[in-house]
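A short write-up of the structure that comes next.
Right under this line is the structure:
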């Protein structure tokens, strides 16, 4: 019995040495694939905005602003300048001076 147990321990130690402490190669491949998937999703999202999707969003926003008489602009009281959309404010000041812009903290 002593020889069998020693041989089994030696085989287990050799396996662990060959396979990086028992870490399964499939697990590493799965982690790498999930990381690649996340980065490709982020890149695809950025590509959508770079390819004109954001222009469509701005066009829809300008349509809504043109149909409105009063615009409520909600800003964060902790950082009003950082949460104010400058494009909306300048659009209303230059293109639609008759519309009312109300800031809500």
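Residue numbers (the numbering used here): 11 to 115.
Each residue gets a CB set at the ideal place from its N, CA and C atoms; glycine is no exception.
| query | result |
| --- | --- |
| Residues of its chain near residue 94, where Cβ-Cβ distance is below 8 Å and the 5 sequence neighbours each way are ignored | 83, 85 and 113 |
| Burial state of residue 101, where buried means 16 or more other Cβ atoms lie within 10 Å | buried |
| Nearest-angstrom beta carbon gap, residue 76 and residue 110 [assumed within contact, 8 Å] | Wrong, their Cβ atoms sit about 14 Å apart, outside the cutoff. |
| Same chain only: Cβ atoms within 8 Å of residue 92, ignoring 5 sequence neighbours per side | 86 |
| Alpha-carbon spacing of residue 64 relative to residue 71, whole angstroms | 10 Å |
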